[in-house]
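Chemist:
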Amino acid sequence: MKTLLLSNINMQPLVSLLKPAEVVCGAYNSILMDLVDPNSPAASDEFDRVFCLFDTDALLGDVAYGEEGPDQCETLIAALGQFCNRHPGKIVIAHTFCVSTSRWLSFADLAHPQSLRSRETALNERLVALARETTNLLLIDLEAIVRRHGEAALMSSTFWYAGRIRYTKQMFRILATTIQQALEAYANRSRKVLVLDLDNTLWGGIVGELGPLDVALSEEGGGRCFRDFQRALKALTKTGVLLAICSKNNAADVDEVFDRNEMMILGREDFASLRVNWQPKPENIVDIANALDLGLDSFVFIDDNPVERALVASTLPEVAVPEFPRRVEDLPQWFAREIVPRYFGKYFIGEEDRNKTAQYRANEVRRTLSANLDLGAFLAELGIECTLHVDSADLVTRAAQMTQKTNQFNLTTRRYQVPDLKRFVDSKDHAVILLDYKDRFGSEGAVGLAILDFPAGRIDTFLMSCRVIGRGVEERIIGKAIELFRQRGVAKMVGEFIPTRKNGLVASFYEGHGFSLVSRAEDGRKLYERIIS
Amino acid sequence: MSERAVREIIALIAVELEIPESRLSAASSTDTTPEWDSVGHLNICLAIQDRYGVSLDMDAIGELTSVAALAALIDKT
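Protein sequence lines correspond, in order, to chains G and H. As numbered in the working numbering, residues 30 to 562 make up the first sequence, in order. As numbered in the working numbering, residues 1103 to 1179 make up the second sequence, in order.
See the structure below:
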């Protein structure tokens, strides 16, 4: 996997910071030519990622000094759009336009017809609109970076005139980190669960000592840090992240905070799981992972107590345990700037992300129900409704997300990105089946996915969300697969099992679904077939 | 220039130019080291600014083209 870095200025110092990624710089100032020319290096198969990191002032040229004339920014947007559409399999990273603060119009810049500020806004609106409809174009907010760290710290006129390097080392480091995090977010590799301590984390002070109404949590004074932190946490749940509590406290004290303290932003319903007891925290976290059916490597743990952090970090190395800010007043910003992009970065946020907590909570209720009834009656009681989509272009983002995130019920664990899914959907040689699930407790959205490879008669990918396991839903997908294979004249359907550390659950799945074992490799891979003619 | 400064500068240059430290000595300069070209030199200067909190001007970038000159600079910081 190689990356081509295109620019209109000297971006060479970024290359070594992007390691271990193999990055090659395009020719100096070749960005527009490289994007437009169908025979350019960018268009070749050698590169599957293209970074377009440009300098807006240089693209504006004399326009930045009030001259009329051609503006290369417009050309760049058009070239990016054309390139992304021509190469749907390449991931292209670009950033927003960001005009420097050296403005020839000074104070008049805001209202003047030649305002650079307005031009920047208009260009960015068009660029964002392009990114919205171009799934393989990943956009980074450069203006936000410059706002946060400041132009003075990030830009250098000395290096600009000495060698067409616009940025300082600090900026190159920030760009490298941001690109890395954005790619992780794009590939949906973010973590899923945030486990929180309570005392001195969600509120100030110790509830067992101060009482439920006297912990520091308020709109005025220092308690506002914790209230703002809670606001940020609540916002995070809307992006599909689950919150959980792991606190050493008397459950009754904590219940009182939830019931009586009106300064609490978060309610019990905002948490997918609560563990308030005196057990060691690692035990509780493992317990939460089991209850939610999620791997520990999708967990982040935030606690003000360094001893608890060290204990969790050493006993559960898969759990991410960030340091806690030294000053509580830094808590909300630290969370938004450091923790969210690092662990919970998202590039696509869909409707199903908004309701994740409710889905997981509903699952707890379903589980209680299933404990009391026999399975057939339970399934009938659930009122399950499934909808199958075949090759739906609207669902490629969700489908890619599922291949990235599903670990347990996943027969082959092949990870795909949006451009791959788009290719499968568009290709006659493949079909993508997606299953939507609904029952009387609510809609789970898309929970099952199969990718069929017709020339090979093979089920390339078969996965299900663990939330619906044991409800007979998988039969519906297999039924659809058989139907599609038959339409293509496939008489023998091939299934594969590729073992991973997490998918033991489905090691014998095909045996139980009418397939017979053909071969078993030394590494545990199994091949199956089922006659369907 | 101090021995410590020379050691630090050699280590920094080796990282920036991606060459082994053994290729560099107190006598190295842009004239003796082929990898120390104009792009490499800018990388070195960016790293010096970042590491030692100094602000180089264009003249300094043009003159600090040897291990000795760079070591003398950081001795002053």
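Yeah, the Cβ is synthetic: ideal placement off N, Cα and C, and Gly gets one too.
Measure the beta-carbon distance from G/E473 to G/Q388 and round it to whole angstroms, keeping in mind my assumption that it falls under 8 angstroms.
Modeler: By one-based count along the first sequence, residue 473 of chain G stands at place 444. By one-based count along the first sequence, residue 388 of chain G stands at place 359. About 6 angstroms separates the two Cβ atoms, so the contact holds.
Chemist: What does the alpha-carbon distance come out to for the pair G/M62 and G/L88?
Modeler: Sequence index remark: in the first sequence, residue 62 of chain G carries index 33 (1-based). Sequence index remark: in the first sequence, residue 88 of chain G carries index 59 (1-based). Near 13 angstroms, if we compare the C-alpha coordinates of G/L88 and G/M62.
Chemist: For H/M1160, return the contacting residues in chain G, with the cut-off set at a CB-CB distance below 8 angstroms.
Modeler: For this step, residue 1160 of chain H is matched to residue 58 along the second sequence. Near H/M1160 (Cβ distances below 8 angstroms), the residues of chain G are T187, Y190 and A191.
Chemist: Would you identify the three-state DSSP class for G/R220, choosing helix, strand or coil?
Modeler: Here residue 220 of chain G refers to the residue found at position 191 when the first sequence is read from its first residue. In the structure shown, the three-state DSSP call for G/R220 is coil.
Chemist: Between the segment 108-123 of chain G and the segment 78-88 of chain G, do three or more beta carbon pairs fall short of 8 angstroms?
Modeler: yes
Chemist: How about G/T490: is its Cβ closer than 8 angstroms to a heavy atom in the ligand FMN?
Modeler: This structure does not include the ligand FMN; it has no bound ligands of any sort.
Chemist: Considering only C-alpha positions, which residue in the set G/P335, G/W232 and G/S276 is nearest to G/L295?
Modeler: Here residue 295 of chain G is taken as the residue at index 266 of the first sequence, counted from 1. Looking at the Cα atoms, G/W232 is the closest of the given residues.
Chemist: According to DSSP, is G/M292 helix, strand or coil?
Modeler: By 1-based counting over the first sequence, the position of residue 292 of chain G is 263. DSSP places G/M292 in coil when its eight states are reduced to three.
Chemist: Can you list, in chain order, the residues of its chain whose CB lies under 8 angstroms from that of G/N313, leaving out five sequence neighbours each side?
Modeler: Along the first sequence, one-based indexing puts residue 313 of chain G at 284. Counting only Cβ-Cβ distances below 8 angstroms, and skipping sequence neighbours, we find C275, R304 and N306.
Chemist: Go ahead and pull the three-state DSSP assignment for G/W133.
Modeler: Along the first sequence, one-based indexing puts residue 133 of chain G at 104. In this structure, DSSP gives G/W133 a state outside helix and strand, which the three-state scheme calls coil.
Chemist: For H/A1171, decide whether its Cβ has a neighbour in chain G, counting only Cβ atoms nearer than 9 angstroms.
Modeler: Within the second sequence, numbered from 1, the residue matching residue 1171 of chain H stands at position 69. Judged by the 9 angstroms Cβ criterion, H/A1171 is not in contact with chain G.
Chemist: Grab me the residues of G/K267's own chain with a C-beta within less than 6 angstroms of its C-beta, minus the 5 sequence neighbours each way, in chain order.
Modeler: On the first sequence, position 238 is the one that residue 267 of chain G refers to. Around G/K267: R383.
Chemist: Give the secondary structure of H/M1103 by DSSP, where H, G and I count as helix, E and B as strand, and everything else as coil.
Modeler: In the second sequence, the residue the question calls residue 1103 of chain H occupies position 1. In the structure shown, H/M1103 sits in coil (DSSP, three-state: anything other than H, G, I, E or B).
Chemist: Given a cut-off of 9 angstroms on the beta-carbon distance, is the pair G/T125 and G/I169 in contact?
Modeler: By one-based count along the first sequence, residue 125 of chain G stands at place 96. By one-based count along the first sequence, residue 169 of chain G stands at place 140. In contact: G/T125 and G/I169 (Cβ atoms closer than 9 angstroms).
Chemist: Between H/L1175 and chain G, is there a C-beta pair that is closer than 9 angstroms?
Modeler: The residue you call residue 1175 of chain H lines up with position 73 of the second sequence. For H/L1175, the answer is no, since every Cβ of chain G falls outside 9 angstroms of its Cβ.
Chemist: How would you write the range of the beta strand (DSSP E) that G/R78 sits in, first residue to last?
Modeler: Here residue 78 of chain G refers to the residue found at position 49 of the first sequence. Segment R78 to C81, the beta strand (DSSP E) holding G/R78.
Chemist: Which runs of the beta strand (DSSP E) fall wholly inside the segment 237-292 of chain G and span at least 3 residues, in chain order?
Modeler: Restricted to the segment 237-292 of chain G, the beta strand (DSSP E) segments that are unbroken, complete and at least 3 residues in length are 271-277, listed in chain order.
Chemist: So does the segment 192-210 of chain G actually touch the segment 429-436 of chain G, counting three or more Cβ pairs closer than 8 angstroms?
Modeler: no
Chemist: Would you mind sorting G/N68 into buried or exposed? The rule is 16 or more other CB atoms within 10 Å of its CB.
Modeler: Within the first sequence, numbered from 1, the residue matching residue 68 of chain G stands at position 39. Classification of G/N68: exposed, given that the 10 Å Cβ count is below 16.
Chemist: Sorted by chain position, which residues of the same chain lie with C-beta nearer than 6 angstroms to H/A1173's C-beta, five sequence neighbours on each side aside?
Modeler: Locating residue 1173 of chain H in the second sequence gives position 71, counting from the first residue. So the list reads M1103, A1107, V1108 and I1111, once near-sequence residues are dropped.
Chemist: Quick one: complete beta strand (DSSP E) runs, 3+ long, within the segment 382-467 of chain G?
Modeler: Fully enclosed beta strand (DSSP E) runs of 3 or longer: 414-419.
Chemist: For G/E525, report the span of its beta strand (DSSP E) as first-last.
Modeler: Position 496 of the first sequence holds residue 525 of chain G. First-last of the beta strand (DSSP E) with G/E525: K521 to F526.
Chemist: Tell me, which residues are paired with G/H124 by DSSP?
Modeler: Here residue 124 of chain G corresponds to residue number 95 of the first sequence, with the count starting at 1. Answer by DSSP bridge pairing, in chain order: G/I169.
Chemist: What does H/A1129 touch in chain G if you count any residue whose Cβ is under 8 angstroms from its own?
Modeler: In the second sequence, counting from the first residue as 1, residue 1129 of chain H sits at position 27. What H/A1129 touches in chain G: nothing, since even the nearest Cβ is about 25 angstroms away.
Chemist: Which residues, taken in chain order from the segment 1137-1162 of chain H, show a beta carbon closer than 7 angstroms to some beta carbon of chain G?
Modeler: S1140, V1141, L1144, N1145, L1148, A1149, Q1151, D1152, L1158, D1159 and M1160
Chemist: Can you confirm whether G/I194, when its beta carbon is compared against all beta carbons of chain H, has any partner nearer than 9 angstroms?
Modeler: If you number the first sequence from 1, residue 194 of chain G lands on position 165. Interface residue, yes.
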